[in-house]
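Here is the structure we will look at, set down as structure tokens.
There are 4 protein chains.
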Amino acid sequence: MTASIETVRELSARHSNWGRWGPEDEKGTLNLVTPEMVVAAAGLVKQGKVISMALPYDDAGPQNGGLGRFNPIHLMIRDGADVVAGTSIRDFYGGVDKHFRGTDDIIIMPLQSGTQWDAFGHVVFEGKIYNGYGAEWVSSKGALKGDVANAADGMVGRGVLLDVARALGVDWLEPGHAVGRDDLERAEAHAGITVGSGDFVFVRTGAMAAARAAGAWGDYAGGEAPGLGLDSVDWVGERDVAAIAADTWGLEVRPNETPDVAQPLHIVFIVHMGLWLGEIFDLDPLAEDCAADGAYEFLFCGPPLPFTRAVGSPLNPMAIK
Amino acid sequence: MTASIETVRELSARHSNWGRWGPEDEKGTLNLVTPEMVVAAAGLVKQGKVISMALPYDDAGPQNGGLGRFNPIHLMIRDGADVVAGTSIRDFYGGVDKHFRGTDDIIIMPLQSGTQWDAFGHVVFEGKIYNGYGAEWVSSKGALKGDVANAADGMVGRGVLLDVARALGVDWLEPGHAVGRDDLERAEAHAGITVGSGDFVFVRTGAMAAARAAGAWGDYAGGEAPGLGLDSVDWVGERDVAAIAADTWGLEVRPNETPDVAQPLHIVFIVHMGLWLGEIFDLDPLAEDCAADGAYEFLFCGPPLPFTRAVGSPLNPMAIK
Amino acid sequence: MTASIETVRELSARHSNWGRWGPEDEKGTLNLVTPEMVVAAAGLVKQGKVISMALPYDDAGPQNGGLGRFNPIHLMIRDGADVVAGTSIRDFYGGVDKHFRGTDDIIIMPLQSGTQWDAFGHVVFEGKIYNGYGAEWVSSKGALKGDVANAADGMVGRGVLLDVARALGVDWLEPGHAVGRDDLERAEAHAGITVGSGDFVFVRTGAMAAARAAGAWGDYAGGEAPGLGLDSVDWVGERDVAAIAADTWGLEVRPNETPDVAQPLHIVFIVHMGLWLGEIFDLDPLAEDCAADGAYEFLFCGPPLPFTRAVGSPLNPMAIK
Amino acid sequence: MTASIETVRELSARHSNWGRWGPEDEKGTLNLVTPEMVVAAAGLVKQGKVISMALPYDDAGPQNGGLGRFNPIHLMIRDGADVVAGTSIRDFYGGVDKHFRGTDDIIIMPLQSGTQWDAFGHVVFEGKIYNGYGAEWVSSKGALKGDVANAADGMVGRGVLLDVARALGVDWLEPGHAVGRDDLERAEAHAGITVGSGDFVFVRTGAMAAARAAGAWGDYAGGEAPGLGLDSVDWVGERDVAAIAADTWGLEVRPNETPDVAQPLHIVFIVHMGLWLGEIFDLDPLAEDCAADGAYEFLFCGPPLPFTRAVGSPLNPMAIK
């Protein structure tokens with residue numbers, strides 16, 4: 113039977129966390145992370161390795177204009193060429209030379225153009241965002257409810273890499289591959305770890321490796337992709353994880369399994385489960401390292417930047433082993 | 113005797129790290145952080161507390177237009193009001209309703225407008241940036257040498273809060289107060305910690321608390337301020353720290369102690385020492401917590417975002433205790 | 113009797129042009145300008161003088177952050193300092209020197225931050241914009257109805273300067289001065305001109321001259337100001353003008369005469385009359401010239417830029433005499 | 113013999129206007145337009161037609177990212193959907209409903225991304241811009257010399273359409289077609305007009321019509337194109353025109369005729385002649401009209417916006433017949 117909006121509604125109802133942490137909660141699954149978990153996660157740091165999962169933010173990024181998203185535009189306000197040309201003092205320091213010459217720069221970027229967290233205000237379903245707040249809380253002013261700053265001091269805990277591609281013995285999953293419970297459990301077995309409550313889970317499909325192998329992003333952003341499928345939802349719900357991130361632009365499999373519903377897992381996970389989703393995480397260096405040392409769990413530290421009223425945020429997520 | 117450019121040159125020569133980590137080094141004092149230090153720092157996590165040192169990024173920030181810096185401009189590409197108005201599907205999904213309604217946003221911001229790391233490309237002295245690279249490496253294209261992305265996987269280690277204001281028994285240091293060796297050592301004694309090689313040091317002057325008490329930023333950004341003075345340089349150099357950040361806009365005391373040199377410590381620290389400087393860190397919540405539990409050391413995780421060729425970066429620095 | 117929303121509703125009803133030019137009209141009062149009027153206006157060009165009414169667009173502009181409006185941010189993408197520093201070819205032309213070195217720049221600006229036309233989509237009253245289109249036509253996507261591009265080929269005709277300040281014998285009208293029928297007719301008499309159908313009328317209050325005399329914009333943008341008052345509405349409606357612009361930030365008198373209604377004339381003029389309003393026009397050079405030669409009428413050419421779906425546009429309005 | 117840098121130097125020397133209008137001149141060929149010419153041009157207005165030559169500024173524009181140029185990014189600050197959703201008053205008017213609901217928007221755009229004038233500061237040759245100013249006058253601060261604001265009150269005069277494509281009996285010239293003296297004189301003959309001193313000349317190659325016929329911009333921006341060739345230079349110099357604009361992205365033929373020099377005519381025209389060049393002018397509606405009524409001359413009004421220190425400007429150029 114083809115999945116449909118009814119499937120989405122059913123999964124949403126089954127895994128809804130609305131009210132679970134109070135009627136005014138805006139932290140969602142981050143509530144699952146206890147101080148004890150943070151202490152335990154710190155205990156995973158045994159080698160002193162620090163590995164970033166961020167893709168560089170620059171004009172070589174994956175965006176191609178879809179959804180109004182473009183790669184970051186970086187411009188200098190003043191620079192070293194001004195120093196060489198002698199224009200730095202003349203134009204920026206009022207003609208008074210006090211030996212110091214600074215440079216400054218500016219960024220213009222969609223907050224979801226690269227490695228990113230989705231905030232709860234990012235998705236509206238049937239007029240509501242997570243925990244039942246009405247869509248009107250996310251106006252042109254931004255997300256007065258469900259903004260990304262709610263996670264500003266909470267994205268620390270045990271990280272687990274589920275290298276699904278490696279676990280299945282391939283370089284990358286093909287577009288359209290729906291990662292389900294079996295795939296996830298094979299990746300757990302491969303990692304020798306059981307995912308549990310409050311974990312930060314990183315699902316590697318190999319999609320970024322595929323783009324690297326191709327030497328071009330192609331339609332990485334917005335196109336067909338491997339990713340979590342409907343069959344993953346119960347597993348995710350049962351495990352009660354704090355967050356899930358992947359190396360694809362949108363976390364879930366594309367084309368969507370529900371012909372009548374776009375991004376069904378965003379609806380279940382973000383709107384109903386209050387689950388933090390991460391996208392465009394570069395998991396390749398971490399995967400190489402985990403394959404080498406066999407340690408698939410680590411201390412994760414990856415808070416968003418506290419952009420007030422924002423519905424997403426770039427970040428530099430760190431795996432510390 | 114009044115300090116001058118000669119003082120700056122002398123301190124720069126005394127503490128220069130040019131060549132210390134090779135002729136092509138762009139990581140500077142981050143080289144001091146060893147894997148052992150990271151493991152040891154993780155051992156400081158005993159309570160599971162996670163405290164952010166980031167000021168929110170929004171239009172209520174401290175910038176007032178000086179140096180071309182302004183507070184972040186946040187705009188919605190599409191939002192929940194569009195959902196309510198029924199324009200979301202019409203205008204952003206081609207008129208095809210597949211139940212999903214997303215929102216997206218954009219940020220326009222100087223990379224040094226809020227809580228930030230300065231990259232080495234941020235300061236040029238006598239035509240050079242850190243490690244002797246010429247100013248021409250920081251062109252309108254950005255910092256081809258000395259960009260902030262060099263620190264993308266390195267800002268993890270032992271953090272130490274030096275609450276100078278509290279150590280001196282005041283709510284905040286007055287503008288013009290030059291924090292020197294004595295103040296720093298009093299703060300160390302107050303914290304019960306000796307700062308050492310590879311540490312991440314956070315110097316609290318109380319300047320942000322003062323702005324909060326006043327209910328307005330006033331000339332916090334660019335104005336007179338307490339901060340590190342020339343007398344702190346030898347201490348910083350001897351301790352061989354990985355990075356220093358403060359709760360002021362520019363880390364160092366203002367007015368500068370050198371009438372003929374602007375921001376002399378930027379010249380010594382960034383250009384010659386290759387030291388990472390952090391500014392506009394909100395140290396007040398951390399200071400409250402440290403005063404309460406007496407633990408002034410913690411695991412620090414605060415990488416910049418990997419903005420390619422950028423001379424600064426916003427971040428969300430975390431103290432994990 | 114104090115004016116109120118009832119006054120606004122009455123004036124709106126009396127002067128409504130909804131339907132006057134068809135149910136789908138988006139040009140409003142520009143429909144009044146006939147080809148004959150354009151030819152006649154060209155006949156006013158007798159001296160070959162060309163006078164701009166635009167304020168420079170730069171960081172010295174009048175905006176102070178209110179309403180999310182800021183002065184234009186201008187940044188270079190690459191510049192002449194790069195040429196001097198030798199970085200132009202290296203960083204922007206792939207290292208291949210073909211003698212040419214270009215520079216480029218970028219602007220970030222609210223479309224209503226300087227000299228500007230208001231589009232009909234700029235004001236909503238009781239859920240409607242001009243000609244009865246619902247507010248939902250102006251979504252996050254922009255103004256699908258009532259955008260400024262509707263005037264892209266229509267802002268040419270007879271211009272008339274009504275120098276109210278000079279006509280009243282003052283350097284500038286005081287904030288709170290409501291320009292009414294009497295003032296306008298005195299200015300007509302002073303100009304020796306009778307305003308008629310299809311004219312482009314420029315009302316000089318002297319507010320910009322006052323800011324110049326003060327040497328600072330102060331609260332020019334968003335503050336109290338002289339400007340058109342409720343008593344001007346019948347005159348404007350009777351004369352059936354094509355557009356009205358003034359040298360203030362908002363055209364109408366501030367504080368508003370209606371305690372319960374903000375910007376009542378915007379509601380009457382833009383929403384109901386379909387009248388094009390111009391703001392922050394620099395009328396001082398033109399006024400000097402008119403005072404000198406006594407010619408207060410001229411060929412006006414001042415189209416907006418055709419920003420698709422925009423609710424306002426900067427422009428360089430020209431008086432040609 | 114293949115043209116080369118020597119050709120460019122020779123043409124530059126032959127047609128240099130450096131010093132012609134004084135050593136500090138920044139207006140270049142606009143000096144050629146006399147008041148008498150403006151009066152005479154106004155006399156060409158006989159039908160009252162007003163025709164825009166601007167391409168809409170929006171995300172459907174021709175840019176593809178080359179040279180750091182992108183299509184305008186237009187975002188709403190607040191909009192009508194907020195009115196419908198009831199968030200307008202709550203979020204932008206402090207919760208106080210005074211019946212007025214405004215909308216506002218913002219633009220982010222390279223100043224040379226659409227219909228545009230090039231300023232003299234846009235091109236540097238051998239370290240100099242027009243009239244001998246050094247490249248250091250165009251720093252990260254912008255063009256302190258040679259900015260586009262120099263033309264703010266001068267772009268009015270006789271306009272002449274040279275429809276080269278129509279004159280040659282084709283829908284459009286092919287990429288690589290170098291328009292020379294013969295083509296221009298055939299277009300003059302076709303128009304029945306002789307171009308003279310102080311004229312504003314619009315050269316139609318049909319390149320935009322070709323893109324329209326193809327239904328896509330393809331590599332219109334930055335790619336191969338028809339355009340003025342080296343053989344046009346003497347004609348342009350002899351006629352002493354005020355400005356030349358075309359319907360291509362770069363005015364001159366591509367590939368360039370000089371293998372060792374990029375954009376040779378920009379070097380001759382902008383740097384040495386001080387000639388104002390316009391690009392991406394949409395000449396198709398005007399051409400249709402001229403073909404219909406046979407009137408190829410008109411009053412031209414097309415000033416740039418006075419962006420201080422900018423090296424280019426969008427505009428809405430008007431032909432008034």
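Listed in order, the protein sequences are those of chains A, B, C and D. If you number the first sequence the way our numbering does, the last residue is 433 and the count never jumps. If you number the second sequence the way our numbering does, the last residue is 433 and the count never jumps. If you number the third sequence the way our numbering does, the last residue is 433 and the count never jumps. If you number the fourth sequence the way our numbering does, the last residue is 433 and the count never jumps. We put the CB at the ideal spot given by N, CA and C, even for glycine.
Where do the N-terminal and C-terminal ends of the alpha helix (DSSP H) with residue i fall, by residue?
i, result
"B/D147", "At residue 147 of chain B the sequence reads Pro, which differs from the Asp that was named. Per DSSP, B/P147 belongs to the alpha helix (DSSP H) from 147-154."
"B/R132", "Unbroken run through B/R132: none, as it is neither H nor E."
"B/I382", "Neither: B/I382 is in no alpha helix (DSSP H) and is coded neither H nor E."
"B/G334", "Note, B/G334: premise wrong, no alpha helix (DSSP H); not H, not E."
"A/R278", "276-279"
"C/M320", "319-326"
"B/G349", "345-351"
"A/P397", "396-405"
"C/R366", "Segment: none, C/R366 is in no alpha helix (DSSP H) and carries neither H nor E."
Look at the Cβ atom of residue i, then the Cβ atom of residue j, and state whether they are nearer than 7 Å.
i, j, result
"C/W361", "C/A322", "no"
"B/W229", "B/W388", "yes"
"C/V380", "C/V423", "no"
"B/S164", "A/D265", "yes"
"D/T420", "C/P371", "no"
"A/G258", "A/Y242", "yes"
"D/E409", "D/L363", "no"
Tell me whether residue i is buried or exposed, calling it buried when 16 or more other Cβ atoms sit within 10 Å of its Cβ.
i, result
"B/V313", "buried"
"C/R126", "exposed"
"B/G178", "exposed"
"D/V260", "buried"
"A/S131", "The sequence given here places Gly at residue 131 of chain A; Ser does not occur at that position. By the neighbour-count rule (16 or more Cβ atoms within 10 Å), A/G131 is not buried but exposed."
"A/P397", "exposed"
"A/E369", "buried"
"B/P135", "exposed"
"D/A403", "exposed"
"C/V282", "exposed"
Using CA coordinates, which residue listed in the options is at the minimum distance from residue i?
i, options, result
"A/M385", "A/E350, A/Y205, A/E148", "A/E350"
"D/P338", "D/A354, D/P367, D/D209, D/A357", "D/P367"
"A/D137", "A/V383, A/K433, A/C413", "A/V383"
"C/G310", "C/E118, C/T141, C/G131, C/L123", "C/T141"
"B/P416", "B/Q159, B/A166, B/V120, B/V145", "B/A166"
"B/A153", "B/I392, B/V272, B/G335, B/D401", "B/V272"
"C/L342", "C/G308, C/R293, C/I392, C/D331", "C/R293"
"A/L411", "B/D352, B/G246, B/G155, B/A172", "B/G155"
"B/K240", "A/F237, A/H234, A/R213", "A/R213"
"C/V151", "D/M267, D/V150, D/P147, D/G160", "D/G160"
"A/L431", "A/V373, A/S425, A/A357", "One detail in the question is off: residue 431 of chain A reads as Ala in this sequence, not Leu. Of A/V373, A/S425, A/A357, the residue nearest in Cα terms is A/A357."
"B/G173", "B/G327, B/V353, B/G414, B/V365", "B/G327"
"D/V315", "D/A325, D/G330, D/W284, D/P147", "D/W284"
"A/D275", "A/H289, A/A290, A/G269, A/R298", "A/R298"
Could you confirm whether any beta carbon from chain G is found closer than 7 Å to the beta carbon of residue i?
i, result
"C/S251", "In the structure shown, chain G cannot be found, because the protein chains are A, B, C and D."
Starting from residue i, trace the beta strand (DSSP E) in both directions and tell me its first and last residue.
i, result
"B/I163", "162-164"
"B/L411", "409-413"
- 3 or more residues per run - each beta strand (DSSP E) lying fully within the segment 175-233 of chain D: 185-190, 216-222, 228-230
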